[in-house]
Amino acid sequence: MELDAKIPEAPIEDMWNTHKEHMRLVGPRNRPHYKVIVVGTGLAGASAASSMAAMGYHVESFCFQDSPRRAHSIAAQGGINASKDYRNDGDSTYRLFYDTQKGGDYRSREANVWRLAELSTDIIDQAVAQGVPFAREYGGMLANRSFGGVLVERTFYCRGETGQQLLLGACSALANQIHAGGVIMHTRKEMLDVVIIEGRARGIVTRDLVTGALESHAADAVVLASGGYSNVYYLSTNAKGCNVTATWRAHKRGAGFANPCYNQIHPTCIPVSGEYQSKLTLMSESLRNDGRIWVPRQASDKRSPSDIPDAERYYYLEERYPRFGNLVPRDVASRNAKEVCDDGLGVGPSGLGVYLDFKDAIQDKGDDVIGSRYENLFEMYEKITGESPWNTPMRIFPAPHYTMGGLWVDYNLMSNLPGLFAVGEANFSDHGANRLGASSMMQCLADGYFIIPLTIGDYLSRYEYGDVDTSHPAFADAEREAKGRLDRMLSIQGSETVESLHRELGRVMWDHCGIARNAEGLKEAITKIPEIRDRFWNNLRITGSGAQLNQTLEHAGRLADFLEFSELMCRDALARNESAGCHFREEHQTKEGEAKRDDQNFSHVSVWEHQGTDNEPLMHKEPLSFEALPLAQRNYKT
Amino acid sequence: MNFTLRIWRQTDANTDGDLETYKVQDIEPTCSFLEMMDILNERLTERNVEPVAFDSDCREGICGMCSMVINGKPHGPKDGTTTCQLYMRHFEDGDEITIEPWRSAAFPVTRDLIVDRSAFDRIMQAGGYVTVHSGPKPEPNAIPIEPSIAEEALDAACCIGCGACVAACPNGAAMLYTSAKVSHLGLLPQGQPERFERVQKMVHQMEAEGFGSCRNYAECEAACPKEISIKFIGRMNRDFLKSTLILPNNPRGKMDSQ
Chain A
1 MELDAKIPEA PIEDMWNTHK EHMRLVGPRN RPHYKVIVVG TGLAGASAAS SMAAMGYHVE
61 SFCFQDSPRR AHSIAAQGGI NASKDYRNDG DSTYRLFYDT QKGGDYRSRE ANVWRLAELS
121 TDIIDQAVAQ GVPFAREYGG MLANRSFGGV LVERTFYCRG ETGQQLLLGA CSALANQIHA
181 GGVIMHTRKE MLDVVIIEGR ARGIVTRDLV TGALESHAAD AVVLASGGYS NVYYLSTNAK
241 GCNVTATWRA HKRGAGFANP CYNQIHPTCI PVSGEYQSKL TLMSESLRND GRIWVPRQAS
301 DKRSPSDIPD AERYYYLEER YPRFGNLVPR DVASRNAKEV CDDGLGVGPS GLGVYLDFKD
361 AIQDKGDDVI GSRYENLFEM YEKITGESPW NTPMRIFPAP HYTMGGLWVD YNLMSNLPGL
421 FAVGEANFSD HGANRLGASS MMQCLADGYF IIPLTIGDYL SRYEYGDVDT SHPAFADAER
481 EAKGRLDRML SIQGSETVES LHRELGRVMW DHCGIARNAE GLKEAITKIP EIRDRFWNNL
541 RITGSGAQLN QTLEHAGRLA DFLEFSELMC RDALARNESA GCHFREEHQT KEGEAKRDDQ
601 NFSHVSVWEH QGTDNEPLMH KEPLSFEALP LAQRNYKT
Chain H
1 MNFTLRIWRQ TDANTDGDLE TYKVQDIEPT CSFLEMMDIL NERLTERNVE PVAFDSDCRE
61 GICGMCSMVI NGKPHGPKDG TTTCQLYMRH FEDGDEITIE PWRSAAFPVT RDLIVDRSAF
121 DRIMQAGGYV TVHSGPKPEP NAIPIEPSIA EEALDAACCI GCGACVAACP NGAAMLYTSA
181 KVSHLGLLPQ GQPERFERVQ KMVHQMEAEG FGSCRNYAEC EAACPKEISI KFIGRMNRDF
241 LKSTLILPNN PRGKMDSQ
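The listed protein sequences correspond, in order, to chains A and H.
The first sequence begins at 1 in our numbering and counts up one residue at a time.
The second sequence begins at 1 in our numbering and counts up one residue at a time.
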């Protein structure tokens with residue numbers, strides 16, 4: 001596997017411009033002859049499809065939901081960063097670059113991160129021009145709020161629904177192009193395979209989720225914008241349908257999968273209330289500004305929180321981290337919550353929860369101040385749990401939220417397979433070992449609006465257009481394989497349900513490849529996963545047929561891929577024998593319990609090559625260099 | 001808790017459907033409505049009965065995918081709530097609950113509780129956008145926007161496109177949905193150049209899709225999980241009327257062919 005990142009030769013601040021100036025272009029009259037497939041319609045997919053179609057390319061766009069607007073980007077709450085420096089507080093491209101590199105614990109590619117910071121301001125301009133109603137100040141200027149991990153105010157927002165508004169902006173551009181005929185939109189169609197012909201990605205195989213029909217689609221290039229893989233844990237903040245299938249199928253066809261072990265666990269989510277729980281809901285992290293986190297000192301204390309006197313409450317973050325208290329970074333907060341629950345101190349029916357208590361804040365600051373800050377969050381919590389945080393402490397617990405790993409891509413966002421691109425959360429590129437708040441949407445839109453529309457031309461211009469269609473035998477082969485998998489799943493007629501097997505996989509991953517990992521646990525997971533996989537392929541029960549709308553079959557197909565992917569995730573976590581960002585190996589921590597990197601041996605991207613399901617995958621390394629920003633210990637304490 | 005569920009079962013768009021009765025037992029009150037449906041489906045699968053097909057995705061009230069009429073009300077008995085945010089503690093032990101798909105000629109049933117809402121997308125494609133390509137744009141602060149205007153635009157823009165408004169309307173009208181988008185863009189300076197053309201195109205598409213007309217029942221506002229106000233319907237009607245007076249026959253002239 002050849003890994004050439006194709007980083008332009010120029011000083012970092014000139015790289016993107018130099019690259020653009022020397023890039024090959026496709027002329028406007030030739031663009032309609034080139035067909036590009038885009039899989040996924042979240043922020044990255046919708047912005048990529050609409051931008052390329054507006055330039056004249058013939059785009060076909062696919063989503064498994066009933067409408068492109070339902071992609072999970074819609075649920076992003078907080079905001080989007082841009083180094084506009086509207087607050088005159090010293091922000092700049094360099095600072096956003098610096099914050100992102102540091103946030104990612106120096107495990108991302110500098111050139112990409114710099115470009116992301118550079119393009120951040122254009123995204124805001126683009127979104128406003130589309131009619132995204134960002135919050136405004138009294139004078140009519142754009143408002144900013146602050147977000148974790150940085151010292152400037154650079155986050156743009158629309159109440160708590162920024163993702164919804166940005167996605168509706170991107171989807172309105174997509175709607176415009178569908179109307180104009182530039183994009184052919186396929187809804188309720190799921191990609192089951194990518195077709196590689198003579199080493200180039202030349203199309204995909206999809207299943208129509210309503211009729212069950214398998215279809216082939218040929219193109220000159222394929223862009224995957226299929227999101228992240230947090231649902232490998234079964235319970236996560238992702239939508240139920242989020243899955244790894246598109247990227248995993250591409251991986252099995254030869255695309256390198258980079259850093260699969262990097263996944264972010266968000267500390268403030270509403271805890272699991274029972275076995276039946278289907279997903280986890282995120283509560284804004286801002287709650288930690290005023291809430292005090294505690295558990296009872298005594299294990300399995302079943303008293304109501306109001307009956308537990310102060311002396312018997314363990315404010316563990318305040319005691320363990322007197323300087324930062326409840327405001328320690330995300331990963332530290334998550335790990336400590338898990339530790340106290342492992343010690344039997346957890347609260348709630350499942351014992352997997354800690355209190356986030358506003359009693360003192362309400363007493364000190366008054367109802368008005370606390371209400372103005374958190375009223376909508378308190379309401380949301382009450383809606384879900386039926387308990388009011390005004391009267392009783394909230395219960396929170398960490399949950400898988402975002403995955404930094406993904407398909408390996410070069411500076412042009414192309415994988416090692418020519419013609420196969422990956423954008424947004426589906427690629428690995430910009431967030432290193434941990435993602436800073438309010439920067440996922442920034443990356444999706446930078447990729448989709450500004451990068452891929454140019455780099456795709458650089459690729460396409462090198463080839464004749466339309467020289468392959470779906471009559472090529474590779475499509476029939478891929479369809480046959482996909483049908484074989486579906487038929488095999490349907491024919492098992494065993495006794496276990498997809499849900500129960502997915503839940504079981506989720507528990508293994510959470511226990512052994514979750515907030516904290518160690519070699520022993522990871523090795524155990526690597527032996528347990530194939531056992532679940534065996535039961536899946538020998539004892540699964542799916543009712544109904546493949547020639548109809550069959551949601552159990554859809555879920556089964558996604559789980560089949562998670563059952564393979566999860567093993568790679570554990571292998572990557574085992575191979576990365578250091579702690580970095582969200583990847584916390586218990587063997588490697590500082591005295592304060594922070595992640596301890598090993599720059600000597602692990603300053604690289606781990607890129608995995610598939611060697612067949614029964615063989616161990618092969619790891620390649622893309623070395624990382626740190627020229628614009630020298631390596632330093634991640635430190636949020638001084 | 002125990003419930004008796006009467007659920008609409010229908011194989012596909014071309015087959016007649018009917019209500020089937022199922023009993024579910026031992027449901028925790030903290031369980032969400034859709035989790036109760038998951039449990040039912042898992043138990044049906046164990047008995048070799050095909051599970052009930054229903055749409056859902058984010059399960060936090062923002063994607064707009066879930067769509068059930070529960071005891072005659074779209075999204076069930078709680079105000080300002082999507083189906084996925086409904087919990088079993090909102091019901092009484094032993095309740096009989098009737099669950100149906102959205103009912104509207106413009107939303108044909110795909111299977112069981114799933115309907116085809118692509119008519120909504122086509123209304124959006126007819127004009128629900130500001131025509132703008134990707135690339136360098138003017139500095140956004142060069143056009144100040146009063147915060148109250150931005151907020152009102154957001155009140156309309158927060159529509160999740162679920163279709164509860166149509167399901168609730170005795171006429172099956174899509175006026176709340178269409179007016180929310182028309183108003184979102186019509187309020188903002190960026191939406192002005194295409195304002196009157198947009199309202200015409202979207203309203204015409206809405207009618208072509210077979211949605212009914214507004215008779216001011218205001219059931220849509222009551223059912224809307226985002227509590228979008230029917231004042232936007234009034235606003236759309238005013239814009240539509242103005243547009244018929246203002247617009248030349250072919251506002252784009254030769255531009256359309258480009």
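Cβ atoms here follow ideal geometry from the backbone N, Cα and C, with glycine treated the same way.
Query: Just mark I143 of chain H as buried or exposed, buried being the case when its beta carbon has 16 or more other beta carbons within 10 Å.; Result: exposed
Query: Between T638 of chain A and chain H, is there a C-beta pair that is closer than 8 Å?; Result: Confidence at T638 of chain A is low in this model, with a pLDDT of 48, below 50, so the placement of that residue should be treated as unreliable; the coordinate-derived value is given next. It does not; no Cβ of chain H falls within 8 Å.
Query: Against chain H, which members of the segment 160-180 of chain A pass a CB distance test of less than 7 Å?; Result: E161, Q164, Q165, L168, S172, A173, A175, N176, I178 and H179
Query: If you measure from the CB of K596 of chain A, is any heavy atom of the ligand FAD nearer than 7 Å?; Result: The ligand FAD is absent from the structure shown, which contains no ligand whatsoever.
Query: Measuring alpha carbon to alpha carbon, tell me which of H:G72, H:I114, H:E207 and H:N237 ends up nearest T11 of chain H.; Result: H:I114
Query: Compare the Cα-Cα distances from T206 of chain A to each of A:K591, A:E587 and A:E554 and report the closest residue.; Result: A:E554
Query: What residues are listed by DSSP as bridge partners for N427 of chain A?; Result: A:L407
Query: Can A218 of chain A and A201 of chain A be called in contact, C-beta distance under 8 Å?; Result: no
Query: Got a sec: is the Cβ-Cβ distance from S257 of chain H to anything in chain A below 8 Å?; Result: Because the pLDDT of S257 of chain H is 48, which lies under 50, any placement of that residue in the model is unreliable, and the question is left without a value.
Query: Using a Cβ distance threshold of 8 Å, determine whether the segment 486-498 of chain A contacts the segment 57-67 of chain A, with at least three qualifying pairs required.; Result: no
Query: Residues of chain H with a CB under 8 Å from the CB of H72 of chain A: which are they?; Result: D57, C58 and C63
Query: Run through chain H and tell me which residues come within less than 7 Å of Y138 of chain A, C-beta to C-beta.; Result: P147
Query: Measuring only between beta-carbons, confirm whether C220 of chain H sits less than 8 Å from chain A.; Result: no
Query: Of all the residues that make up the segment 228-239 of chain H, which are near chain A by a beta-carbon distance shorter than 7 Å?; Result: none
Query: Taking the beta carbon of T403 of chain A as the centre, do at least 16 other beta carbons fall within 10 Å, making it buried, or is it exposed?; Result: buried
Query: Where A438 of chain A and T121 of chain A are concerned, what is the direct C-alpha to C-alpha distance, given to the nearest angstrom?; Result: 14 Å
Query: Helix, strand or coil for P473 of chain A per DSSP?; Result: helix
Query: For a test of the three-state rule: what should DSSP assign to Y459 of chain A, helix, strand or coil?; Result: helix
Query: Assign C220 of chain H to one of three DSSP states: helix, strand, or coil.; Result: helix
Query: Determine which residues share a DSSP beta bridge with H186 of chain A and list them.; Result: A:F62
Query: Within 10 angstroms of the Cβ of T2 of chain H, are there 16 or more other Cβ atoms? Answer buried if so, exposed if not.; Result: It should be noted that the sequence gives Asn, not Thr, for residue 2 of chain H. Label assigned to N2 of chain H: exposed.
Query: Examine chain H for any beta-carbon lying closer than 8 Å to the beta-carbon of Q277 of chain A, and answer yes or no.; Result: yes
Query: At a CB distance below 9 Å, what residues from the segment 276-309 of chain A approach chain H? Give them in sequence order.; Result: Y276, Q277, S278, K279, T281 and L282
Query: Could you tell me which chain H residues have their CB closer than 9 Å to the CB of D135 of chain A, listed as they occur along the chain?; Result: The amino acid at residue 135 of chain A is misidentified as Asp; the sequence shows Ala. Here the neighbours are P147, A150, E151 and L154.
Query: For chain H, is any of its Cβ atoms less than 8 Å away from the one on P453 of chain A?; Result: yes
Query: Could you compute how far the alpha carbon of T638 of chain A sits from the alpha carbon of R323 of chain A?; Result: For T638 of chain A, the predicted structure reports a pLDDT of 48, less than 50, and the residue's modelled location is therefore unreliable. A value from the coordinates is still provided. So the two alpha carbons sit approximately 10 Å from each other.
Query: Would you say E157 of chain H faces chain A, with C-beta separation under 8 Å as the test?; Result: Here the sequence assigns Ala to residue 157 of chain H, which means Glu is not the residue at that position. For A157 of chain H, the answer is yes, since a Cβ of chain A falls inside 8 Å of its Cβ.
Query: Using only CA atoms, which one of A:E564, A:A129, A:R571 and A:E622 lies nearest to T613 of chain A?; Result: A:E564
Query: Can you say whether F626 of chain A is buried or exposed, counting buried as having 16 or more other CB atoms within 10 angstroms of its CB?; Result: exposed
Query: If I'm right that A117 of chain A touches T93 of chain A with Cβ under 8 Å, what's the distance once you round it to whole angstroms?; Result: 5 Å
Query: Is it right to say K226 of chain H is buried, meaning 16 or more other beta carbons lie within 10 angstroms of its own, or is it exposed?; Result: buried
Query: Tell me where the beta strand (DSSP E) around V205 of chain A begins and ends.; Result: R200 to D208
Query: Give the single residue among A:S304, A:S73, A:A516 and A:M141 whose Cα lies nearest to the Cα of N391 of chain A.; Result: A:S304
Query: When DSSP builds the beta bridges, which residues end up paired with M191 of chain A?; Result: A:T206
Query: Assuming C214 of chain H and I228 of chain H form a contact by the criterion Cβ under 8 Å, report the distance between their Cβ atoms to the nearest whole angstrom.; Result: In fact, because the Cβ distance is near 14 Å, the residues do not count as touching under 8 Å.
Query: Given a cut-off of 8 Å, decide if V128 of chain A and D89 of chain A are closer than it, judged by their beta-carbon atoms.; Result: no
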